[in-house]
Amino acid sequence: MTIGMLDYSSTPENFKALTSCRKEVCDELGIPEEQCELSMGMSADFEQAIEMGSTNVRVGSTIFGAREYPKKN
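Numbering (this note's numbering) for the sequence shown: 257 to 329.
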């Protein structure tokens, strides 16, 4: 699992790096990339993550809204 950068104006380098890592691992193990899950992205960048090949994204805040944290005294 990787989370995208805060700068969404370009292709996140960490998505590229994890995609490349998956390819290396699959090549080394001799398995198709389609058999290896790739978990990248969250609500704010899920579209870019999917474009980069993510098979799992975390979109909780899109579905449930932003978290509300209790204030500390």
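Even for Gly, the Cβ is constructed at its ideal location relative to N, Cα and C.
Assuming residue i and residue j form a contact by the criterion Cβ under 8 Å, report the distance between their Cβ atoms to the nearest whole angstrom.
i, j, result
"serine 299", "serine 317", "5 Å"
Report yes if the C-beta distance between residue i and residue j is below 8 Å; otherwise report no.
i, j, result
"methionine 296", "threonine 258", "yes"
"valine 313", "phenylalanine 320", "no"
"methionine 322", "phenylalanine 271", "Checking the sequence shown, residue 322 turns out to be alanine, not methionine. Taking 8 Å as the Cβ cut-off, alanine 322 and phenylalanine 271 do not qualify as a contacting pair."
Using the C-alpha atoms, what's the distance from residue j back to residue i?
i, j, result
"glutamate 289", "arginine 278", "7 Å"
"lysine 327", "glutamate 293", "37 Å"
"glycine 260", "asparagine 329", "32 Å"
"glutamate 280", "proline 268", "19 Å"
"leucine 274", "glutamine 291", "15 Å"
"serine 276", "cysteine 282", "10 Å"
"valine 315", "leucine 262", "16 Å"
Note down, one range per segment and in chain order, each beta strand (DSSP E) of at least 3 residues found wholly within the segment 258–310. 295–298
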